[in-house]
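Structure record follows, encoded as structure tokens.
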Amino acid sequence: MMWKINREQVVLVGGPAAAILQVAHPRLALAVAEHSRFQSHAFDRLRRTLDAVYTVAFGTREESDAVARHVEAVHRKVVGEAAAHGIAGPARYSAFEPDIQYWVLATLVMTAVRMYERFVCPLTGEEKQRFLLENREFGRFFGVPENHGPETWTGFEEYYEAMVGGDMLGSHALCAEMSAAVACPKGQPGVRLLAWPFANLVPELIPAPLNVRLGLPSTALSRTLARVYDRCLPPLLRALPPRLRYAPRYLQACRRLGVSPVNPPVH
Numbered sequence: 135m136m137w138k139i140n141r142e143q144v145v146l147v148g149g150p151a152a153a154i155l156q157v158a159h160p161r162l163a164l165a166v167a168e169h170s171r172f173q174s175h176a177f178d179r180l181r182r183t184l185d186a187v188y189t190v191a192f193g194t195r196e197e198s199d200a201v202a203r204h205v206e207a208v209h210r211k212v213v214g215e216a217a218a219h220g221i222a223g224p225a226r227y228s229a230f231e232p233d234i235q236y237w238v239l240a241t242l243v244m245t246a247v248r249m250y251e252r253f254v255c256p257l258t259g260e261e262k263q264r265f266l267l268e269n270r271e272f273g274r275f276f277g278v279p280e281n282h283g284p285e286t287w288t289g290f291e292e293y294y295e296a297m298v299g300g301d302m303l304g305s306h307a308l309c310a311e312m313s314a315a316v317a318c319p320k321g322q323p324g325v326r327l328l329a330w331p332f333a334n335l336v337p338e339l340i341p342a343p344l345n346v347r348l349g350l351p352s353t354a355l356s357r358t359l360a361r362v363y364d365r366c367l368p369p370l371l372r373a374l375p376p377r378l379r380y381a382p383r384y385l386q387a388c389r390r391l392g393v394s395p396v397n398p399p400v401h
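Just so we're aligned, residue 135 is where the sequence shown starts under our numbering, counting upward by one.
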């Protein structure tokens, strides 16, 4: 299921929304603000995250282990004071907090499933359950304890809806500030132009009232973009050849294993 879902490049339409949902967590927003250049290089961070995700999903075990070592080394430096900023929870934050790590994984899982079902085709409950279980293994490479979080898709949906519908996400001013860095990325004009159609769809991918709390309310533009995407992307995908439809790292993996990118074997 990791291959079936993550090979679809259309899943990336939800990338900015997933990044915003991550920094909507106050403790994560603070960690990112204090230990990265996220506000001025949000697009670069998203690109690096996607590269790591694709490497673990489609790369060799050696490549995946290298990602895990790099992530651990980076996360080891991410510690600081949370209480001093008025953020609830333990006085000090750390990138190794299981709840924070799991929330990052959860945003990737749910965004991938929703984009796949929206633009490709529906998934059965069994397929979503398999995808969740595979992601529990996948998450280990990014420091998520394998036994952390719900074990069933139903339980996962309940956890996710409780998070996005609760009061914690977006509860600190820093969350909206970090979200704006994704929605309105700084940098070269080419980067801003490339991000524009995805960033302006974000309000339709983040449920209310969280989108309003983050300063990203639904607009006539975002609603129009959503209708255009829903109408145009599904038939476009069906017409695209594999080399344009699927992720490059997936195609490389298929060539490495000598299998068809259209119907790869189940391992």
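Where is the CB? At the ideal position from N, CA and C, for every residue including glycine.
Beta-carbon contacts of TYR384 that lie in its chain and below 6 Å, excluding the five residues immediately before and after: Within the sequence shown, residue 384 is the residue found at index 250, counting from 1. Closer than 6 Å at the Cβ level, and outside the excluded window around TYR384, lie ARG141, PHE192.
Taking the DSSP output, what are the residues bridged to TYR380? Locating residue 380 in the sequence shown gives position 246, counting from the first residue. In the DSSP output, where bridge partners are listed per residue, TYR380 has GLU142.
Kindly indicate which three-state DSSP category GLU280 falls into: helix, strand or coil? Position 146 of the sequence shown, counted from the first residue, corresponds to residue 280. Correct three-state label for GLU280: coil.
Let me check one thing: in DSSP terms, what residues is ARG365 bridge-paired to? Residue numbering aside, residue 365 sits at position 231 when the sequence shown is read from its first letter. Partner(s): none; ARG365 has no beta bridge.
May I ask you to verify whether the region 235 to 255 touches the region 189 to 205, counting CB pairs closer than 8 Å and requiring at least 3? Pairwise C-beta distances place the region 235 to 255 out of contact with the region 189 to 205, as fewer than three of them are shorter than 8 Å.
Residue burial classification, SER394 (beta-carbon count within 10 angstroms, cutoff 16): On the sequence shown, residue 394 is found 260 positions in, with the first residue counted as 1. Its Cβ having fewer than 16 others within 10 Å, SER394 is exposed.
Over the uninterrupted beta strand (DSSP E) stretch that includes GLY214, give me the two end residues. The residue labelled residue 214 in the question sits at position 80 within the sequence shown. Segment 213 to 215, the beta strand (DSSP E) holding GLY214.
Paired residues, beta bridge with TYR227 - DSSP: As a position in the sequence shown, residue 227 is number 93, starting the count at 1. Note: TYR227 sits in a beta bridge opposite GLY214.
Counting Cβ pairs closer than 8 Å, one from the region 215 to 225 and one from the region 306 to 315, do we hit at least three? Yes, the region 215 to 225 touches the region 306 to 315.
Whole-angstrom C-beta distance between PHE276 and VAL205, which should lie under 8 Å: Sequence index remark: in the sequence shown, residue 205 carries index 71 (1-based). Sequence index remark: in the sequence shown, residue 276 carries index 142 (1-based). That pair is a contact at about 5 Å.
Give a yes or no on contact between the region 142 to 161 and the region 252 to 259, applying the rule of three or more CB pairs nearer than 8 Å. Between the region 142 to 161 and the region 252 to 259, the count of Cβ pairs shorter than 8 Å is three or higher; the stretches touch.
Cβ-based neighbour list, VAL157, same chain, cut-off 7 Å, excluding 5 preceding and 5 following: The sequence position of residue 157 within the sequence shown is 23, counting from 1. ALA163, VAL166, CYS309, MET312, SER313, listed in sequence order.
Indicate whether ALA153 and VAL316 have their beta-carbon atoms separated by less than 7 Å. For the purposes of this step, residue 153 is identified with residue 19 of the sequence shown, where counting begins at 1. For the purposes of this step, residue 316 is identified with residue 182 of the sequence shown, where counting begins at 1. Against a cut-off of 7 Å, the Cβ pair of VAL316 and ALA153 comes out as a contact.
Take the Cβ of ALA412 as the centre, count every other Cβ of all protein chains shown within 10 Å, and call the residue buried at 16 or more, exposed below. Any answer about residue 412 is impossible in this case: the structure gives the chain only from 135 up to 401.
So, helix, strand or coil for PRO232, using DSSP? Sequence index remark: in the sequence shown, residue 232 carries index 98 (1-based). If DSSP states are grouped into helix, strand and coil, PRO232 belongs with the helices.
Cβ of VAL336 within 7 Å of Cβ of ALA151? Working through the sequence shown from its first residue, we reach residue 336 at position 202. Working through the sequence shown from its first residue, we reach residue 151 at position 17. Yes. Within cutoff.
Give a yes or no on whether the C-beta atoms belonging to LEU359 and ASN334 are separated by under 7 Å. Counted from its first residue, the sequence shown places residue 359 at position 225. Counted from its first residue, the sequence shown places residue 334 at position 200. Contact: yes.
Taking LYS138 as the reference, which of ARG379, ALA202, HIS282 has the closest Cα? As a position in the sequence shown, residue 138 is number 4, starting the count at 1. Considering only alpha carbons, the answer is ARG379.
Do the CB positions of TYR227 and ALA217 come within less than 7 Å of each other? Position 93 of the sequence shown, counted from the start, is the residue given in the question as residue 227. Position 83 of the sequence shown, counted from the start, is the residue given in the question as residue 217. Not a contact, by the Cβ cut-off of 7 Å.
Whose C-alpha, out of LEU367, GLU338, LEU257, is nearest the C-alpha of ALA354? Within the sequence shown, residue 354 is the residue found at index 220, counting from 1. Closest option to ALA354, Cα to Cα, is GLU338.
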